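For the sequence shown, the numbering used here gives the first residue as 21, with consecutive numbering after it.
Where a beta carbon is used, it is the ideal one built from N, C-alpha and C, also for glycine.
Keep in mind that this is a model prediction, so the values were computed, not measured.
Okay, so here's the structure we're looking at.
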Amino acid sequence: MIVRFVRDSIRRSPKRKALIIAAIALGTSVATAMLGVMLSIGDKINMELRQAGANIVVTSSTAALAGGVGNVTTAVPGTNEIQESQVPNIKSIF
């Protein structure tokens, strides 16, 4: 009975049914593509961040930044010091 209803419906307006099927196929393909992008973007970003390496360097307060041009050299002591109690918070930056 249901098969007969479907067959008669397709016979009456085949273009309309073809358009419905095409719209469903297009929507499914777009949803699948977006899902693939969404699932792979996290892995790609993680890989890029790991390739960049560390973006924070922790040194002691006695370490100095040295540099110079020609025969003139300079040394600047570290001015961005953090308290010892803030050191565990470094792990939560990522």
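Inter-residue distance for Lys-35 and Val-26 is about 14 Å (C-alpha atoms, whole angstroms). Boundaries cannot be given for Ile-110, as no alpha helix (DSSP H) includes it and DSSP labels it neither H nor E. Rounded to the nearest angstrom, the gap between the Cα atoms of Arg-32 and Ile-44 is 20 Å.
Assignment of Gln-71 by DSSP, reduced to helix, strand and coil, places it in the helix class.
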